[in-house]
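Q: The structure follows.
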Amino acid sequence: MLTVARWEFVQNLKSKAFVIATFAAPLFSLSLIALVIWIARAAERDGVTQLAVLDRAGVFTELRERLQGSGYRVVLFNGSEAELPARMQRGEFDGYLVIESDFFQTRQVRYVPKPREGLGLNIRELQAQGVPRPVRDALSQILLAHSLREAGLPPEKATELSQGVQIIVQAAPEAVTEQLKAGITIGVGFVIILLLLFITMNSITWIMYGVISEKRNRVVEILLSSIRAHELMTGKILGLGGLALVQAFIWALVGLTLIFVGGPYVGLPTSVISLAILPFLAWGKILLYLAYFVLGYLFLASLTAAVSATLSDDLQSASSFGMSLVFLPPILPIMLFSLVLRNPDHIALKIISLFPPSTPGMMILRTAVSPVPWWEVLLSVIVLALATYGMMRLAGKIFQVGILMYGKSPTLRELWRWVRS
Amino acid sequence: MAQREMTTILHVESVHKSFDGTKAVDGVSFTVQKGEIFGLLGPNGAGKTTLIRMILGIFQPDSGEIRFSFSPDGRLLPERVGYLPEERGLYDNRKVCDTLVFLAGLKGLDARVARERALLWLHRLQLEKYFYRNIRELSKGMQQKIQFIAAILHEPEFVILDEPFAGLDPINQDLFRELIVELKARGTAVLLSAHQMHLVEDLVDRIFLINKGRQVLYGELREIKRSWREDWVTIDFRGDGAFLKESSLVKSAQIENGRAQLILQEGVRPEEFLAALVGKIEIEQIAIRKPPLHHIFVEIVKEQK
Numbered sequence: 001m002l003t004v005a006r007w008e009f010v011q012n013l014k015s016k017a018f019v020i021a022t023f024a025a026p027l028f029s030l031s032l033i034a035l036v037i038w039i040a041r042a043a044e045r046d047g048v049t050q051l052a053v054l055d056r057a058g059v060f061t062e063l064r065e066r067l068q069g070s071g072y073r074v075v076l077f078n079g080s081e082a083e084l085p086a087r088m089q090r091g092e093f094d095g096y097l098v099i100e101s102d103f104f105q106t107r108q109v110r111y112v113p114k115p116r117e118g119l120g121l122n123i124r125e126l127q128a129q130g131v132p133r134p135v136r137d138a139l140s141q142i143l144l145a146h147s148l149r150e151a152g153l154p155p156e157k158a159t160e161l162s163q164g165v166q167i168i169v170q171a172a173p174e175a176v177t178e179q180l181k182a183g184i185t186i187g188v189g190f191v192i193i194l195l196l197l198f199i200t201m202n203s204i205t206w207i208m209y210g211v212i213s214e215k216r217n218r219v220v221e222i223l224l225s226s227i228r229a230h231e232l233m234t235g236k237i238l239g240l241g242g243l244a245l246v247q248a249f250i251w252a253l254v255g256l257t258l259i260f261v262g263g264p265y266v267g268l269p270t271s272v273i274s275l276a277i278l279p280f281l282a283w284g285k286i287l288l289y290l291a292y293f294v295l296g297y298l299f300l301a302s303l304t305a306a307v308s309a310t311l312s313d314d315l316q317s318a319s320s321f322g323m324s325l326v327f328l329p330p331i332l333p334i335m336l337f338s339l340v341l342r343n344p345d346h347i348a349l350k351i352i353s354l355f356p357p358s359t360p361g362m363m364i365l366r367t368a369v370s371p372v373p374w375w376e377v378l379l380s381v382i383v384l385a386l387a388t389y390g391m392m393r394l395a396g397k398i399f400q401v402g403i404l405m406y407g408k409s410p411t412l413r414e415l416w417r418w419v420r421s
Numbered sequence: 422m423a424q425r426e427m428t429t430i431l432h433v434e435s436v437h438k439s440f441d442g443t444k445a446v447d448g449v450s451f452t453v454q455k456g457e458i459f460g461l462l463g464p465n466g467a468g469k470t471t472l473i474r475m476i477l478g479i480f481q482p483d484s485g486e487i488r489f490s491f492s493p494d495g496r497l498l499p500e501r502v503g504y505l506p507e508e509r510g511l512y513d514n515r516k517v518c519d520t521l522v523f524l525a526g527l528k529g530l531d532a533r534v535a536r537e538r539a540l541l542w543l544h545r546l547q548l549e550k551y552f553y554r555n556i557r558e559l560s561k562g563m564q565q566k567i568q569f570i571a572a573i574l575h576e577p578e579f580v581i582l583d584e585p586f587a588g589l590d591p592i593n594q595d596l597f598r599e600l601i602v603e604l605k606a607r608g609t610a611v612l613l614s615a616h617q618m619h620l621v622e623d624l625v626d627r628i629f630l631i632n633k634g635r636q637v638l639y640g641e642l643r644e645i646k647r648s649w650r651e652d653w654v655t656i657d658f659r660g661d662g663a664f665l666k667e668s669s670l671v672k673s674a675q676i677e678n679g680r681a682q683l684i685l686q687e688g689v690r691p692e693e694f695l696a697a698l699v700g701k702i703e704i705e706q707i708a709i710r711k712p713p714l715h716h717i718f719v720e721i722v723k724e725q726k
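Going down the list, the sequences are from chains Y and B. Position 382 of the first sequence, counted from 1, bears residue number 382 in our numbering, the numbering being contiguous throughout. Here our numbering = 1-based position in the second sequence + 421.
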């Protein structure tokens with residue numbers, strides 16, 4: 001059994017598929033994320049919206065000064081108004097203002113934004129749409145300063161009094177941090193489930209392909225002359241489970257490194273994240289999650305081995321109805337994530353918590369979101385443990401007969417007979 | 422016979438096995454001795470593979486007993502048995518060396534020893550340059566050799582070869598024969614299963630003929646042949662051979678272009694028949710022999726019906 005476990009572990013560890021799945025695939029998705037962030041940043045950087053100003057009231061200099069640091073830059077336009085639309089269309093600026101000489105009387109300016117192109121997702125173009133608020137504020141201030149000067153105030157005083165309100169953005173107070181922390185704690189719970197689910201899914205996919213190909217290439221005949229069928233099955237489950245653990249460990253390590261080393265550069269609140277991870281590092285929780293994971297994995301893995309052994313010996317049938325039955329229940333908790341957030345004690349969720357293939361995901365999610373009564377936790381572990389024991393025995397029997405049946409899949413009645421014999 | 426009994430390695434006693442009410446093996450008993458090549462012969466679907474799977478402990482018999490003499494309680498010890506299944510196959514995306522070491526490891530052989538022996542065997546079969554290669558790079562014939570090595574690398578006392586000649590070209594058939602004879606010489610008990618009897622007739626010491634799960638014939642091949650009631654005669658001759666057809670010594674005759682193929686009446690001794698030929702035809706060559714095993718098998722099955 002250990003020979004099989006080691007063989008499956010080492011051989012698959014060396015395989016191209018594993019290396020790709022472990023390193024290349026996450027690297028690819030990470031670089032995609034990095035690319036998106038980079039594009040967003042780049043867009044932000046040259047996100048200064050340029051507006052042309054046809055100034056007939058002589059306020060340009062003041063407007064330019066008041067718009068400094070606002071994300072809008074104004075340029076003085078000395079031609080005729082008729083040229084403006086065409087030059088804007090060429091991309092020289094993102095919109096234009098016409099300030100007539102009677103500005104101080106009418107208190108009006110005209111603003112023409114550049115029409116959006118394509119999907120209209122360009123940040124500068126978006127910023128140019130509608131009434132640009134900083135520009136409106138600056139013009140209002142100019143009007144006020146002008147009125148104050150008219151009323152006889154010295155110019156410096158008038159300028160000073162016309163300054164608008166400045167809002168200083170500060171770090172959030174304790175309560176908000178707490179809320180953020182709670183949110184991240186739920187997020188971390190979610191990520192843990194995703195990771196465990198990934199391990200399980202990866203590993204049972206390997207089991208499935210391994211069993212079907214051993215059945216197809218008939219190696220199973222030689223194997224069964226050396227070891228019993230249930231030893232073969234258990235060896236596979238252990239070896240490939242260990243392999244999936246290694247993969248998850250690598251991912252977790254890389255992920256944590258990225259968050260805590262690279263995180264600060266992209267503005268992640270790393271200190272809050274570490275506070276949020278802390279509750280997961282309690283021994284009780286680790287042991288509980290480990291129990292859920294190990295039991296859940298053994299349950300699904302033996303079910304997979306049994307189902308794969310009964311599939312007719314071609315890889316096509318791997319995508320069959322039988323396999324979707326194996327894959328669906330474990331991801332149920334993920335699909336119900338929003339319901340768990342809104343109402344973690346919903347009766348439907350309690351029932352699903354006791355449905356063995358869904359138990360680990362649902363319980364980890366629920367305990368991350370809100371406290372769950374201890375007896376419910378205990379009950380779910382006991383039910384899962386009993387179900388896993390039963391499933392392993394059942395799967396062993398089905399595996400033993402199914403693996404040597406070539407060419408056709410058994411009917412349900414045949415399956416029942418194998419189990420009873 | 423007493424000496425034989427001492428070296429019996431496998432006892433099969435009144436073994437029965439049914440699948441869904443169909444009797445696959447129906448009351449079969451035999452023994453296999455150390456250092457002999459034992460032929461388990463019969464047509465496809467006769468129950469050979471089921472029987473082999475029971476011997477290997479893959480199936481349990483419904484009733485009857487299978488005992489090995491190398492363990493005190495008669496249990497199968499997988500590490501002392503080798504198996505070449507009829508359904509051939511190997512991992513296609515694994516290396517030759519890894520596969521051999523793994524399969525030997527299942528038989529409890531240390532990885533280092535397994536590697537050394539595997540190299541020796543590959544060298545012997547001129548496959549040494551494939552040691553680190555992927556199995557899918559090998560031809561079908563090469564893969565069969567690898568499977569053969571896998572069956573014997575742990576030097577088992579008892580080897581089961583299920584249809585070892587299936588799919589082999591004549592050159593490799595001869596090579597496999599040579600290897601099987603070598604196993605026997607080393608004292609290994611070889612159970613050879615085949616449905617093409619002519620391929621193994623000159624190889625096996627004792628046979629068990631099976632049809633529809635039941636014994637048809639069991640015993641020493643030479644003895645079975647010797648005691649078979651009819652002789653087959655082939656004569657190349659000059660002269661008029663027409664009298665052969667009428668002879669009371671001859672059961673059936675086919676005569677064409679100076680060649681006669683005859684089956685003698687039951688109980689007719691060869692010398693009796695030879696005496697009847699004297700002075701009637703000029704004999705160029707003559708061969709008197711027992712019919713091939715296949716014919717004996719067919720005749721007995723016919724009679725049993």
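Here a beta-carbon is modelled for each residue, glycine too, at the ideal position from N, C-alpha and C.
Please classify Q141/Y: does DSSP put it in a helix, a strand, or coil?
A: Residue state, collapsed to three classes: helix.
Q: Any C-beta of chain B sitting closer than 8 Å to the C-beta of I237/Y?
A: no
Q: Note down, one range per segment and in chain order, each beta strand (DSSP E) of at least 3 residues found wholly within the stretch 540-571 of chain B.
A: none
Q: Mapping the DSSP letters down to three states, classify A708/B as helix, strand or coil.
A: strand
Q: For chain Y, find out if any of its Cβ atoms is closer than 8 Å to the Cβ of E558/B; answer yes or no.
A: no
Q: Exposed or buried, D437/Y, counting other C-beta atoms within 10 Å across all chains shown (16 or more means buried)?
A: Given a span of 1 to 421 for chain Y in the structure shown, any question on residue 437/Y remains unanswerable.
Q: If distances are taken between C-alpha atoms only, which option among F93/Y, V109/Y, T367/Y, R149/Y comes closest to G424/Y?
A: In the structure displayed, chain Y extends from 1 to 421; residue 424/Y sits before or after that span and is not available.
Q: Mark P155/Y as exposed unless 16 or more other C-beta atoms lie within 10 angstroms of its C-beta, in which case mark it buried.
A: exposed
Q: My parser needs the beta strand (DSSP E) runs of 3 or more residues fully inside the stretch 68-99 of chain Y; what are they?
A: 72-76, 95-99
Q: Cβ closer than 7 Å: which chain Y residues qualify as neighbours of A535/B?
A: Simply none; closest approach about 11 Å.
Q: So, using beta-carbon positions, are A352/Y and L332/Y closer together than 8 Å?
A: A quick correction: the sequence has Ile, not Ala, at residue 352/Y. For I352/Y and L332/Y, yes; Cβs fall inside 8 Å.
Q: Just how far apart, CA to CA, sit I573/B and R643/B?
A: Roughly 28 Å between the two C-alpha positions.
Q: Do you know offhand how far M201/Y's Cα is from S29/Y's?
A: 18 Å
Q: In chain order, what are the residue ranges of uninterrupted beta strand (DSSP E) at least 3 long that sit wholly in the stretch 573-636 of chain B?
A: 579-583, 610-615, 627-632
Q: For V112/Y, name the three-state secondary structure that DSSP assigns.
A: strand
Q: Rounded to a whole number of angstroms, what is the C-alpha to C-alpha distance between T429/B and V19/Y?
A: Looking at the backbone, the Cα of T429/B and that of V19/Y are separated by about 52 Å.
Q: Is there contact here, the stretch 295-313 of chain Y with the stretch 385-396 of chain Y, by at least three beta-carbon pairs under 8 Å?
A: Touching, per the Cβ criterion.
Q: Sort R509/B, P499/B, G466/B by Cα distance to K444/B and report the nearest one.
A: G466/B
Q: Mind checking the stretch 563-577 of chain B against chain Y and listing, in chain order, the residues whose C-beta falls within less than 7 Å of any C-beta there?
A: The stretch 563-577 of chain B vs chain Y, Cβ under 7 Å: A571.
Q: Taking H575/B as the reference, give the member of I99/Y, S226/Y, D345/Y with the closest Cα.
A: S226/Y
Q: With distances taken between CB atoms, is the gap from R64/Y to V48/Y smaller than 8 Å?
A: no
Q: Within the same chain, show all residues whose beta-carbon is closer than 8 Å to that of K561/B, passing over the 5 residues directly before and after it, in chain order.
A: G588
Q: Exposed or buried, G503/B, counting other C-beta atoms within 10 Å across all chains shown (16 or more means buried)?
A: Using a 10 angstroms sphere on the CB of G503/B, the tally of other CB atoms reaches 16 or more, which defines it as buried.
Q: Does any CB atom of chain B fall closer than 8 Å to the CB of E376/Y?
A: no
Q: May I ask which residues mark the beginning and end of the alpha helix (DSSP H) holding Q725/B?
A: 714-725
Q: Can you find at least 3 beta carbon pairs, one from the stretch 532-539 of chain B and one from the stretch 481-493 of chain B, that sit closer than 8 Å?
A: no
Q: Give every residue of the same chain whose Cβ lies closer than 7 Å to the Cβ of F293/Y, excluding the five residues on either side of it in the sequence, and list them in chain order.
A: L196, P360
Q: Tell me, which residues are paired with F658/B by DSSP?
A: I704/B
Q: Roughly how many angstroms lie between the CA atoms of A423/B and W206/Y, to the nearest whole one?
A: Summary for A423/B: the model assigns pLDDT 39, below 50, so the residue's position carries little reliability; its value from the coordinates is reported in the next sentence. Their Cα atoms are separated by approximately 54 Å.
Q: Compare the C-beta of L527/B against all C-beta atoms of chain Y and say whether one is closer than 8 Å.
A: yes
Q: So F586/B contacts chain Y; which residues on that side make the cut at Cβ distance below 9 Å?
A: Those do not exist, as F586/B stays about 17 Å from chain Y at its closest Cβ, beyond 9 Å.
Q: Got a sec: is the Cβ-Cβ distance from I479/B to anything in chain Y below 8 Å?
A: yes
Q: Below 7 Å CB to CB, which residues in the same chain sit around I250/Y once its five sequence neighbours on both sides are set aside?
A: T22
Q: Does R710/B get closer than 8 Å to chain Y when you measure Cβ to Cβ?
A: Among the residues facing chain Y, R710/B is not included, as its CB has no counterpart in that chain under 8 Å away.
Q: Would the stretch 648-667 of chain B count as touching the stretch 688-695 of chain B if we require 3 or more Cβ pairs under 8 Å?
A: yes
Q: For a contact defined as C-beta to C-beta under 7 Å, what are the partners of S226/Y on chain B?
A: P499, L527, K528
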